[in-house]
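*Asks:*
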Amino acid sequence: MGSALLESLLEPEAGETAASQPDWLNATRRSAAIAVERDGLPGPRNEAWKYTSLRALEQRRHANGDANALTRTVDPARFLLPGIEGARLVFVNGVYRPDLSRKSPVDGLSISTLALATASDLDASRALLEREFSDPASAFARLNTVLAADGPIVRVRAGATIARPIHFVFIGGSADSEIAWNLRAVVEIGDGASLHLIEHHVNSSGTGAAQLGNIVSQYAIGRGARLDLVQIQDAAESASLIRRSEFTIADDAVLSTHTLETGAQMMRHDFIVDLAGRGARLISRGVFALHGRQHADTHLDVQHNARDTTSDIVWRGVADQRSRGVFHGAITVAAGADGADAQLSNKNLLLSANAEIDTQPVLEIYADEVKAAHGATVGQLDEDALFYLRSRGLAPDAARRLLISAFCSAVLSDLPEQHLREHLDALLAARLPQATEE
Amino acid sequence: MLNIENLHVRVAGKEILKGLSLRVNAGEVHAVMGPNGAGKSTLGYVLAGREGYEVTEGSIEYEGKNLLEMEPEERAAQGVFLAFQYPVEIPGVNNTYFLRAALNAQRKRRGEPELDSMQFLKRVREKLSVLHLKDELLHRAVNEGFSGGEKKRNEIFQMALLEPKLAILDETDSGLDIDAMKLVADGVNAMRASERAFVVITHYQRLLDYIVPDFVHVLADGRIVESGDKTLAHKLEEHGYAWIAERKLAGAA
Chain A
1469 MGSALLESLL EPEAGETAAS QPDWLNATRR SAAIAVERDG LPGPRNEAWK YTSLRALEQR
1529 RHANGDANAL TRTVDPARFL LPGIEGARLV FVNGVYRPDL SRKSPVDGLS ISTLALATAS
1589 DLDASRALLE REFSDPASAF ARLNTVLAAD GPIVRVRAGA TIARPIHFVF IGGSADSEIA
1649 WNLRAVVEIG DGASLHLIEH HVNSSGTGAA QLGNIVSQYA IGRGARLDLV QIQDAAESAS
1709 LIRRSEFTIA DDAVLSTHTL ETGAQMMRHD FIVDLAGRGA RLISRGVFAL HGRQHADTHL
1769 DVQHNARDTT SDIVWRGVAD QRSRGVFHGA ITVAAGADGA DAQLSNKNLL LSANAEIDTQ
1829 PVLEIYADEV KAAHGATVGQ LDEDALFYLR SRGLAPDAAR RLLISAFCSA VLSDLPEQHL
1889 REHLDALLAA RLPQATEE
Chain B
359 MLNIENLHVR VAGKEILKGL SLRVNAGEVH AVMGPNGAGK STLGYVLAGR EGYEVTEGSI
419 EYEGKNLLEM EPEERAAQGV FLAFQYPVEI PGVNNTYFLR AALNAQRKRR GEPELDSMQF
479 LKRVREKLSV LHLKDELLHR AVNEGFSGGE KKRNEIFQMA LLEPKLAILD ETDSGLDIDA
539 MKLVADGVNA MRASERAFVV ITHYQRLLDY IVPDFVHVLA DGRIVESGDK TLAHKLEEHG
599 YAWIAERKLA GAA
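Chains A and B supply the protein sequences, listed in that same order. At position 421 of the first sequence the residue is numbered 1889 (the working numbering), and the sequence of numbers has no breaks. At position 32 of the second sequence the residue is numbered 390 (the working numbering), and the sequence of numbers has no breaks.
1) Going residue by residue through the region 1694-1773 of chain A, where are the continuous beta strand (DSSP E) segments of at least 3 residues, counting only ones entirely within it?
2) Using a Cβ-Cβ distance cut-off of 8 angstroms, determine whether Leu1728/A contacts chain B.
3) Can you tell me whether DSSP reads Ser1873/A as helix, strand or coil?
4) For Val446/B, which beta-bridge partners are listed by DSSP?
5) Name, in chain order, the residues that DSSP records as bridge partners for Tyr1687/A.
6) Compute the beta-carbon to beta-carbon distance between Ala1628/A and Ala1661/A, rounded to the nearest angstrom, for a pair I have assumed lies under 8 angstroms.
7) Is there at least one Cβ from chain A nearer than 8 angstroms to Ile374/B's Cβ?
8) Thr1586/A and Gly1619/A: beta carbons closer than 8 angstroms?
9) On the DSSP bridge assignment, give the partners of Trp1649/A in chain order.
10) Within 10 angstroms of the Cβ of Gly1747/A, are there 16 or more other Cβ atoms? Answer buried if so, exposed if not.
11) Under 8 angstroms between the Cβ atoms of Val1655/A and Leu1665/A?
12) I need the DSSP call for Ile1781/A, collapsed to helix, strand or coil.
13) Please name the residue in Gly1861/A, Leu1723/A, Thr1613/A and Ala1707/A whose C-alpha comes closest to that of Arg1736/A.
14) Does the contact criterion of 3 or more C-beta pairs under 8 angstroms hold for the region 538-554 of chain B versus the region 471-478 of chain B?
15) Looking at the C-beta of Phe515/B, does it have a partner C-beta in chain A at a distance below 8 angstroms?
16) Taking Arg498/B as the query, report the chain A residues whose CB atoms sit under 9 angstroms from its CB, ordered along the chain.
17) Is Asp1826/A helix, strand or coil by DSSP?
18) Looking at Leu378/B: is its Cβ nearer than 8 angstroms to the Cβ of Arg581/B?
19) Going by the CB atoms, is the gap between Leu1723/A and Ile1700/A shorter than 8 angstroms?
20) With H, G and I counted as helix, E and B as strand and the rest as coil, what does DSSP make of Gln1527/A?
21) Extract the residue ranges of the alpha helix (DSSP H) inside the region 472-540 of chain B, only unbroken runs of 4 or more that lie entirely within it.
22) Can we count Ala1688/A as close to the ligand ADP, meaning its CB is less than 7 angstroms from some heavy atom?
23) Please state if the CB of Leu1663/A and the CB of Gly1681/A are separated by a distance shorter than 8 angstroms.
24) Give the DSSP-derived three-state secondary structure of Lys1571/A in the structure shown.
25) Beta-carbon separation of Leu1817/A and Phe1875/A under 8 angstroms?
26) According to DSSP, Lys372/B sits in a beta bridge with which residue or residues?
27) Name the chain B residues whose beta carbon is nearer than 7 angstroms to that of Phe1875/A?
28) Just to confirm, are Leu519/B and Gly437/B a CB contact at a threshold of 8 angstroms?
29) How should Pro522/B be labelled, buried or exposed, when 16 other C-beta atoms within 10 angstroms of its C-beta is the threshold for buried?
30) Give me, in chain order, the residues of the same chain whose beta-carbon lies closer than 7 angstroms to that of Arg433/B; leave out the 5 immediate sequence neighbours on both sides.
31) Would a check of beta-carbon distances place Arg458/B closer than 8 angstroms to chain A?
32) So within the region 1827-1854 of chain A, which uninterrupted beta strand (DSSP E) runs reach at least 3 residues, ignoring any that extend past its ends?
33) Mapping DSSP to helix, strand and coil, what is Ile1502/A?
34) Whole angstroms is fine: what's the gap from Gly388/B's alpha carbon to Gln1848/A's?
35) When the Cα atoms are used, what is the spatial distance from Ser1569/A to Ala1774/A?
36) Hey, out of Arg1523/A, Asn1514/A and Ala1704/A, whose CA is closest to Ala1472/A's CA?
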């Protein structure tokens, strides 16, 4: 297959069956392994990876998993969030850490992990775990299917309202060598139920050996149910992080997401939403703020597959120094999905002549009576606004920071949890580009 | 306080100010009038330190210092304030937050203690009542969605809050109805003081009925061509700017 990465990861135990796990899961893993071996990683001609080259990553060798993941020291200050006191599931280098986690029992909520789940637990999530990824562009999801041995499994019983947000923490901790870790998250929300969830990617120390994290998260939102999801990505700047978030939204169900991407050296996030049931709704707000030589590629793929479905997407991006941002926002309205309403806006700020942002809104409509609007812009800080602020006494860097922070915060300002909103603002302020005039 | 001598300024390669001289003492109100394109706004921007305005000759001395060597934020801290003809909308930046940040940035630069939010709000309330500005404007983003009149009043409100020594009002009357203009004038008159000077740039004499100037200057073709007391504004109103051009020709002949 010509990929040092895949050779290093798959060599010893590709598709090895675990006796403790159901046959169907082992079969799914084997079949994914065959697909990975056959197709390898997507090359430069693959449209979905047009702006993100995998060449460098492909040539690296990573050890699969971290044998010492259970004993790695992690300072809880790295992941504790103010005002967030519900259940917490912490994974370090792809392995569940009960010592850092908190499984407070709540009526209607079932929490487990892929490694600890019983056969009947796994059977209950079979429909999601058995997912096959037919598109060769989904090579990392295939690899994840083969290799992910752990990850959170959460189910909310029909009709249950889970008041306290659940906190998933994915930590790329320092390791002795270059490792790769995989996690699989499964979240199923029963009809009429509601859940708040925080997906939190952090680093345990500022720097460390380069590592690769690969996460596939699957969310099934039942009829009339609601998921409020906050994704905070502040992974180590030495890390490559590849995520795939897949959502299926049933009739009259709502998915509301707020995403902040600030970390990782190389980040790819596939955000795939199936508005599957009549009246299903998506509200997505997101920001990426990049500096240094960071590369962040967000791929939204929103499919209106039923009548009267709505999508309301507002994303913003900021790139400074030599960073590169990619935003691909694709909305497809399938035949028969009449009455769909699709709105997508993506505005971006370039803060340096050496930074780059590529934004690609794509709208494909096969139904009648559809309301759709999309727009994307890439611009620079408004010089008039800068001068106005300076003429009132603000120093240039303070004026720039104020404008950049306002540009980003506007998108996250409707987040209802005040503590969380303040945390995101603070994180943005800390990670925001220095806005130097390079 | 302010001494402009033989100022020549180029903008985008074109000479706009061609030897402007103006001296303003503390406690005085100077009106600068002139036809469109005479260089009135350029004068305001040069004083505030906007980029792209190239001084090719002449000098500006402010309180004994070379103003042209100061960055815009330094000028602000030293007491120079420009009320913009077209105040800039800044989405996402809260008006109150912005003003407090600006005031404290100035105070810090001057070596004065910063105001905490209670002290700041007290000051805001005092100034708000003078201008009859709605509280609600404070909670909105800077100038965003403000009407033309609200923007201009917000400029004067900022001036009241920042308490500059030298305030330059660039066509603050443009686009205002008579009631809004009176409010703006009240705001300015309330601030007239022996230690403070105003340069009121305007196209029309109307504003000067409410802000009565000590001196009136006519700016035409990049120079002050005529100076006098407030009666000069009335003569201009009566005869139009063409009268100035005729007088100049007559003088030259």
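Cβ atoms here follow ideal geometry from the backbone N, Cα and C, with glycine treated the same way.
*Replies:* In short, the structure shows the following:
1) 1694-1702, 1707-1717, 1722-1729, 1734-1743, 1749-1758 and 1763-1772
2) no
3) helix
4) Answer is none; Val446/B lacks a bridge partner.
5) Val1655/A and Phe1715/A
6) 5 angstroms
7) no
8) no
9) Gly1681/A
10) buried
11) yes
12) strand
13) Ala1707/A
14) no
15) no
16) Residues of chain A passing the Cβ test: none, with the nearest at roughly 13 angstroms.
17) strand
18) yes
19) no
20) coil
21) 475-489, 494-497 and 506-520
22) No copy of the ligand ADP occurs in the structure displayed, which carries no ligand at all.
23) no
24) coil
25) yes
26) Val369/B
27) Gly450
28) no
29) buried
30) Ala406, Gly407 and Leu425
31) no
32) 1839-1847
33) helix
34) Rather than Gly, the amino acid found at residue 388/B in this sequence is His. So the alpha carbons of these two residues sit roughly 38 angstroms apart.
35) 39 angstroms
36) Arg1523/A
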